[in-house]
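**Student:**
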Amino acid sequence: MSNHNKVQLSQQQLLAQANGSIKTGVGKNVKHDSAGIQVTGEAVYVDDRLEYPNQLHVYVRMSDVAHANIIKIDLTPCYEFDGVELAIQAKDVPGELDIGAILPGDPLLADGKVEYLGQAVIAVAASSMEIARQAAQAAIIEYEELPAILCVEEALAKKSFVTESHQQKRGNSAAALSAAKHILEGSIHIGGQEHFYLETQAASVMPTEDGGMIVYASTQNPTEVQKLVAEVIGVPMHKVVIDMRRMGGGFGGKETQAAGPACLCAVFAKLTGRPTKIRLPRVEDMMMTGKRHPFFNQYKVGFNDDGQINGIDIIVASNCGYSPDLSSSITDRAMFHSDNAYYLGDATITGHRCKTNTASNTAFRGFGGPQGMMTIEHIMDEIAGKLGKDPLDVRKVNFYGIEDRNVTHYYQKVEDNFIHDLVADLEVSSEYAQRRKSIDEYNKTSPILKKGISLTPVKFGISFTATFLNQAGALLHVYTDGSMQLSHGGTEMGQGLNTKVAQIVAQEFQVDIENIQITSANTGKVPNTSPTAASSGTDLNGKAAQNAARTIKQRLIDFCVAHFSVTDEEVTFSNNTVTIREQIMTFSDLIQLAYFNQISLSSTGFYKTPKIYYDHATAKGRPFYYFAYGASCSEVLIDTLTGEYKTLRVDILHDVGASLNPDIDIGQIEGGFIQGMGWLTTEELVWNDKGKLATNGPMGYKIPAIADTPIDFRTHLVENRSNPEQTVYNSKAVGEPPFMLSMSVWSALRDAAASVADHQYMPHLDTPATPERVLWAVQDAEDYLYAHNQADKVKDALVSESKVTTVTA
Amino acid sequence: MIKFLLNQKMCQVSDLSPNTTVLNFLRQQEAKKGTKEGCASGDCGACTVVLGDVVDGRIRYTSVNACITFISALHGKQLITVEDLKSKDGTLHQVQQALVDYNGTQCGYCTPGFVMSMFALSKNTPSADKQAIFEALAGNLCRCTGYRSIIDSAMALVEQDHIVDAFERLETETVAKLNTIERSGTQILSGNGQTAYSPDNVADLAALLVKHPDARIVAGGTDLALEVTQFHRPINTLIAVGNVAEMKNITVTDRHIEIGAATSLTDSYSTLAQYFPDFGELLHRFASLQVRNQGTIGGNIGNASPIGDTPPALMALNAQVELRCGDAVRVMDLDDYFVGYKVTAQQAAEFITKIIIPLPTAEQIFRTYKLSKRLDDDISAVLGAFNITLKDNVVTDIRIAFGGMSATPMRAQHAEKILLGATWEYHNVAAAMQALAKDFSPLSDFRASKEYRSLTAKNLLKKFYLELQNTTIETRVTSYV
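Protein chains in written order, with our numbering: chain A, 227 to 1035; chain B, 199 to 679.
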C-alpha cells in the first residue's frame, strides 16, 4: 500500500507548488469531460455497448388509430419468423402494467383500448431488430374505433381534462379590469415541440442471477426507471440497478418517457432469461413519445395610458395528450411564469390540463414556463400596438419593482431583482435605439424585405415545484493514491454536469480535476435520486458532492489536528498539496498517511434546497429558491412576399450568478436559445385528421440547422453578480432559462410584419412562426392598411411608380 | 463482389444483401460504433462518413450519409470513419482538436458526423469561408450547441496552415491500393436473395435492364434507400449506374449543356451555376452536401416527385431527357416526361442517359425561387422557375414551371399564355398572377397549406417581375449570410 516509484519533492519544491493554484477549480473554463472521446467516436452510448451473444432485440408495434377498443390481438403469426423468441401483449406483463410517473394512466402496453395513434400495443423480441419488426407487423390486431379528441380547443370545450384545473389569484382582477382605462382581449396558440435528441430512446437489460436486472438506459431519471422496472417485473427495487453513463441529448424527453422502452426490455429479459435491447427508430420515437405541450391561452388585460397592467385574467390550456404524465406540474409552471418579469396587478391565472388522443406530452426544457411567458410577451406587444408605443417601453414600465410591485401572483416576493439593470445594459450594448431607427429607415426604402427588432426579458424560477424533488445525493471515494471516484445522482446529457460537479470537488480539495473520475449515474451508488431536470442538476448534485467532499476534508483536517498537534486553521489545502503548519505534503501523501491511520476516505453527501414550499390549496408560497434573469435582443429580416426570414443579429445578456464554468454556461445559453428559436419558428408539429403525426422525422420536422444561427451572435454573461442565495459557489442554474431568450426572435418577426402597417397595428402571429404564419401576419397587417384606407399596398405603390426599363441578363 | 478500403484495410464483401447500408455494415458487421444512427433517412448527418475516390491520381474526399448509402457504392473507394482520424499515438486529428478547443461538443451524438463533414471540408476547401462552412455542415444537425461553437471550430480549422495528416502522408499508397481494385466489367453483389449489378458501360446497363425489367436503378440512392430504411420494402434487384462513366460526363456544345444522368448534383454545380446563377443558388439549398455528393440530376428527375427541386427549373429551361431502352434511344421534352404523381413516360427497361439543356441566349433571364420552412436541407413547399426572353420590353418567350403545386412538376400554361407577346408591365404580370389559379389547385400538407402555396406562387411571379424591374431593391433573405 505504498506508491513505490513516486518522486519525492523537497519542501522547497512543495512550497512553490503550494503557492500556486489549481487550474481546474470552479469558475475555470474546463473542457467537457467527454469532449476528447466524443470527437473520436469512442464515447459509448447505450446502443454502442458490446452486445451479448444471446441478446434479443425488442421492437414495439404502435397503434395505428387514435382511439379504439382493441377487439382482437393474435400473436401467433409473429412466430412464423425465424429468430423470434417471444411476442407479448399487456396481459403478459408479469407485474404492474401501469408505468405512470406520478399518476396512473400509462400502460406499458395498451390494455383493451388505445388512446393515441402511436401507442405501444404489442412487442416482439427476436434475434435482430429487423426480424422483431417484421414479426410485430405480422400480428393481427383489430380495433373498434371510438371518437377521438385531437385538439386542445375541443378538449377545453368538452372539459376533457387529465387532472383538475388550478387557479392562482391575487386581488380582484374582475374589478381591476372594469376600472381599467384600456382593455384588450385575445388568445394565442403556442405550438408544441419534438425533443429531437439525436440519440433516440434506448435501453439494454441484463437479467441477474437473483431475479433482478442490470439496466443500461438513456434516461434522465435512473431512480424512476429502477422503480418502474422493479414494478413491471414484480420485484423489490433492490433487485434492479440502473446505470447511465451519458445520453445523446435529453431535454426533458428522457425524464419520464425513457421508462417505457427500459421496462419493456426488462419484461422480455424476465420472461426469457436473456439479455435484451431496444432502440427506437426515429419515426417510432417521434410518434410514440410525448413532446412539449401545445397550449391555447386566452387573456383579458386592463392597462393604463403608459401600458402598465392593472389587472389581468389569463387562462392557459395545455394539450397534455392522453395521460397525466407530468402535465399538472408543467401546466402549473406555465401559470407560475405567466408573469415573466412583469408585475400583473390584480391577477387571476387559471390552468386547464386538457386530455386529447395524442401522445402524452411531457417535460421539455422550460417545462411549461415558455408557454406561460409567451402569453405575456404576446400581450406586451399587443399593448404596444394598441397604444402606438415601442414594445420595449411597455415591457419596462411593467417590470417588477424593487421596493414595491414586487410580489408575484402566487405571493412569492421577487428578491434580488435586477432585470432593470440587466435590460438597461443590454439596451445599450445592443444599440437598441439606434438600430430601431436604422431599421425604420431600411423599411422605408425596402418594399419587399422588412426588418424587425425586439428586446425581451426572462425571469425564470429555479426549483422543482414538487418540493420533495429538491434533494440530491453523492458518493465520493478517495483511494490510497489520492485519486477519487465521484458519483452523484445527476445524469450527463451533454450539459457538462459531470464536469461542473468535478470542478466543485476539485475546488474543495484544491486538487486538479484529473484526480477525479466521475462514474456513470448508478442507482447502486447513489440511491433515490431526483430526475436531472428543472435546471437543478448542478445546484442539487453539486451541493451534495460538495457536502461529501467537505465530510472527507473535515476528517482529514481532524486527523491532521490530532496527528500533527496543530489547530484546524493550520491545515490548508492548495494546489494539490496540504500545508500542516510548516510542513507541506502532496495531497496524495496525506491521503496515504490518513489511510494508514485508519481514516475513512469514503463519504456520501446529501443536500436539500432550503426555504421553498408551495401550498396548492391556497395557491400561495415560495416555490422557487431564486430566479435567474436574462434578456435578448433580436433583429430579423422577413420577405413580405413569401414569409421567409433570417435572424440577422442576436445579443444576449444572461445571469448565471457566479459562473462555475463560463464556456459551458455559454454553450448552454446559446444552445438553449437556438432550441427555443426552433420551437418558435420552423419546428412545426402537424397531425393529420386521424391523429397521426405527419411530421414524424427530420424530413418534415425542421429543427434549426447551422445557417439558422444568427449571422451576428453575441452572448455575454452578467459579470460580478453572485447569487445571494447559498447555492453552490453562488452560481445559478443555466439549463432552462436561456431557452426563453428566443422569444425576442418571435417578437422581432412580429415587429417586422407590423412595419408593413407602419406599426399602427400589431398583426397576430401564433407559434411556430413558420414562413407561412409570417406571411399571414404580413397579410394581416396589409389587410389593416386596406381596411383603414390609408394607403395602397406599399409594394404595389412602388411597383406602379417604377418606370419600366428593359433589363438585360 | 465489392472491394474497397476500410481506411487502409482492403475489404472484400460478397454474400451480403445489397440492401445493406454502409451504416449497418459498419455498426453490425464491423462493430464500429463511432458512426451513429440519428434518423436513417439522410436528414440529420449523424452517420456522415467520408469516401475517398481516385480522381486524376489524387484522392477526392466526399462526405456522404452512411445510413442511406448502399454498400455497393463503396466499390473501388476508401471508406473513412470517425475512428480513423486519431493518430496511433493518441493525438487528435486537427478537426477533432478544433472541436474540443472551441467546445463544439455537448451530448456528442452528432459529433462524429460533424467531424467527418469538417474533415471532408478541410480536405476539399482548406481555406473555406463562412458560406462554404455552412454549406459543408448544413446537413449535420446538432440539438445542443446552437452551432456557434461548431462554426468557431470550423473557422479555426480553415484558418490553420496546410493540414498535414496521415491521409495526406499515405495518399500515394492509398491511390496505389485503390488502383488495384478491378473496376471494369459488371460487379455483382448477392446475398439474402437480393442482387445488385454494377455495370461499367451504358450498353451493358441497357442490356441488364432489358434482362431485369423490374430492377430498380440506383444512382446516389438518396431517395431509393429510404424504401429500405424507412418503408422496409426490400429491393430484390438493383442496378447501379455509379460506375457507368459515359453517364457521368458534362458536355457543353455550341447549343446545349448535356449532363450525364449519373452525374452527382455536386459535380453538376459549377456548369449549371456558370450558365444559370440562380440554378447554382438553388443547388446550394438542394438537400445537404452529403446528399448532393451522392444524388444525381437523373435521379431527381427519374423519381418524378412533385417536389423535386431540379425538375421545375429544368422545365423552365426547356430541358430534354435522353432515354434509352436496349439499343433504342429517344429524346423527350421534360414537359412530356411527367405524366402523373410519381409516374413518367418512361417505358419498362428504359432509363435516362442524359439531360440536355439549351444554352441561354443573351436576352434570356432565368430565375428560380425555393420556398421551404427551413432555409437549408428542407424539401420545397413551392418552387417557382421563370425563364423569360424580352425584346423591346415585349415578352417573346416565357416558360414558367412550378413544383409543389400539383401532382407533377408543371408548367403554368395559362399564365404563360397571358404574358407571351404582352408587354412586360405590371398589369400584365398581375393578370398572369391571377391566371395561376387556373393552372394549379395545390393541396395542403404538413409543409404548407394550399392557400400559402397559391399565394406564394403568385408572389414569386411578382418577385420575378420586381427583380427585373428594379435591381437595387433587396428581394432575397437568402442573400444574407
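Beta carbons are placed, not taken as given, at the ideal position from N, Cα and C, and that holds for glycine.
This one's a predicted model, so the numbers in the text were calculated from it and none came from an experiment.
Taking S553/A as part of the beta strand (DSSP E), name the residues at either end of that continuous run.
**Tutor:** First-last for S553/A: 553–562, but that is the alpha helix (DSSP H), not the beta strand (DSSP E).
**Student:** Where do the N-terminal and C-terminal ends of the beta strand (DSSP E) with Y987/A fall, by residue?
**Tutor:** Premise fails: Y987/A is in no beta strand (DSSP E) and is neither H nor E.
**Student:** How would you list, in chain order, the residues of chain B whose beta-carbon sits under 8 Å from the beta-carbon of D891/A?
**Tutor:** Within 8 Å Cβ-Cβ: nothing; D891/A doesn't reach chain B, min ~11 Å.
**Student:** Using a threshold of 7 Å, state whether the C-beta atoms of F494/A and A351/A are closer than that.
**Tutor:** Result yes, Cβ atoms of F494/A and A351/A sit closer than 7 Å.
**Student:** Taking the straight line between their C-alpha atoms, what separation do you get for I609/A and D889/A?
**Tutor:** 38 Å
**Student:** DSSP beta-bridge partners for V455/A?
**Tutor:** Looking at the DSSP assignment, V455/A forms no beta bridge with any residue, so it has no partner.
**Student:** Verify the CB distance criterion: does V439/B have a CB-CB separation below 7 Å to chain A?
**Tutor:** no
**Student:** Measure the C-alpha to C-alpha separation of F590/A and S756/A and round it to an integer number of angstroms.
**Tutor:** 16 Å
**Student:** So K375/B and H273/B are supposed to be a Cβ contact under 8 Å. How far apart are they, rounded?
**Tutor:** Wrong, their Cβ atoms sit about 14 Å apart, outside the cutoff.
**Student:** Figure out for me which residue from S236/A, Q952/A, K384/A, S885/A has the closest Cα to the Cα of T582/A.
**Tutor:** K384/A
**Student:** Using Cβ-Cβ distances below 8 Å, what residues of the stretch 927–945 of chain A are close to chain B?
**Tutor:** K928, I929, P930, A931, I932, A933, D934, T935, I937, F939, T941
**Student:** What do you get for G255/B, buried or exposed, if any count of 16 or more other CB atoms within 10 angstroms of its CB means buried?
**Tutor:** In this structure G255/B is exposed. Its beta-carbon is surrounded by fewer than 16 other beta-carbon atoms within 10 angstroms.
**Student:** Which chain B residues are close to I900/A, counting only those with a beta carbon under 7 Å from its beta carbon?
**Tutor:** G344, Y345
**Student:** According to DSSP, is V1033/A helix, strand or coil?
**Tutor:** With a pLDDT of 34 at V1033/A, under the threshold of 50, the modelled position of that residue is not reliable, and the figure given next carries that caveat. If DSSP states are grouped into helix, strand and coil, V1033/A belongs with coil.
**Student:** Reducing DSSP to helix, strand and coil, say where K615/B ends up.
**Tutor:** helix
**Student:** Reducing DSSP to helix, strand and coil, say where Q394/A ends up.
**Tutor:** strand
**Student:** Output the distance between the C-alpha atoms of N229/A and Q894/A, rounded to the nearest integer angstrom.
**Tutor:** Residue placement at N229/A is poorly supported in this model, since its pLDDT is 49, which falls under 50; the coordinates still yield a value, given next. Taken atom to atom, the span from the alpha-carbon of N229/A to that of Q894/A is near 41 Å.
**Student:** For a contact meaning CB atoms closer than 8 Å, what does D865/A contact in chain E?
**Tutor:** No chain E appears in this structure, whose protein chains are A and B.
**Student:** Evaluate N217/B with the Cβ neighbour count: other Cβ atoms within 10 Å of its Cβ, from every protein chain shown; 16 or more gives buried, anything less gives exposed.
**Tutor:** buried
**Student:** Alpha carbon to alpha carbon, how far is G898/A from P930/A? Give it in angstroms, no decimals.
**Tutor:** Rounded to whole angstroms, P930/A and G898/A show a C-alpha spacing of 12 Å.
**Student:** Using a Cβ cut-off of 8 Å, which residues of the stretch 389–408 of chain A contact any Cβ in chain B, in chain order?
**Tutor:** none
**Student:** Can you give me the C-alpha to C-alpha distance between T515/A and G547/A, rounded to a whole angstrom?
**Tutor:** 10 Å
**Student:** When you compare the CB of G285/A with every CB in chain B, is at least one pair closer than 7 Å?
**Tutor:** The sequence as given places Tyr at residue 285/A; Gly does not occur at that position. So no, Y285/A is outside the interface.
**Student:** Which residues of the stretch 233–267 of chain B have a Cβ closer than 9 Å to any Cβ of chain A? Give them in chain order.
**Tutor:** T233, K234, E235, G236, C237, A238, S239, G240, D241, C242, A244
**Student:** Can you say whether G614/A is buried or exposed, counting buried as having 16 or more other CB atoms within 10 angstroms of its CB?
**Tutor:** exposed
**Student:** A698/A and Y833/A - do their beta-carbons sit closer together than 7 Å?
**Tutor:** yes
**Student:** Per DSSP, what are the beta-bridge partners of T576/A in this structure?
**Tutor:** Q393/A, I541/A
**Student:** Have a look at T557/A and F387/A and give me their C-alpha separation to the nearest angstrom.
**Tutor:** Rounded to whole angstroms, the gap between the alpha carbons of T557/A and F387/A is 12 Å.
**Student:** Under 8 Å: do the stretch 706–715 of chain A and the stretch 466–475 of chain A share three or more Cβ pairs, one atom per stretch?
**Tutor:** no
**Student:** If N491/B and S261/B are in contact, beta carbons under 8 Å, what's the gap, nearest whole angstrom?
**Tutor:** 6 Å
**Student:** Do you know how far the Cα of M561/A is from the Cα of S399/A?
**Tutor:** 15 Å
**Student:** Give a yes or no on whether the minimum CB-CB distance between E896/A and chain B is below 7 Å.
**Tutor:** yes
**Student:** Is it the case that the Cβ atoms of D337/B and G236/B are separated by a distance below 7 Å?
**Tutor:** The sequence shown places Gly at residue 337/B, rather than the Asp named in the question. Cβ distance not < 7 Å, so G337/B and G236/B don't count as in contact.
**Student:** Identify every run of the beta strand (DSSP E) within the stretch 730–768 of chain A, keeping only runs that are complete inside it and at least 3 residues long; order them along the chain.
**Tutor:** 742–744
**Student:** Is T717/A near the ligand NAD, in the sense that its beta carbon is under 6 Å from a heavy atom of that ligand?
**Tutor:** The model depicted lacks the ligand NAD and carries no ligand whatsoever.
**Student:** Identify the continuous alpha helix (DSSP H) that holds F822/A and give its terminal residues.
**Tutor:** In the DSSP annotation of this structure, the continuous segment of the alpha helix (DSSP H) that includes F822/A starts and ends at 813–822.
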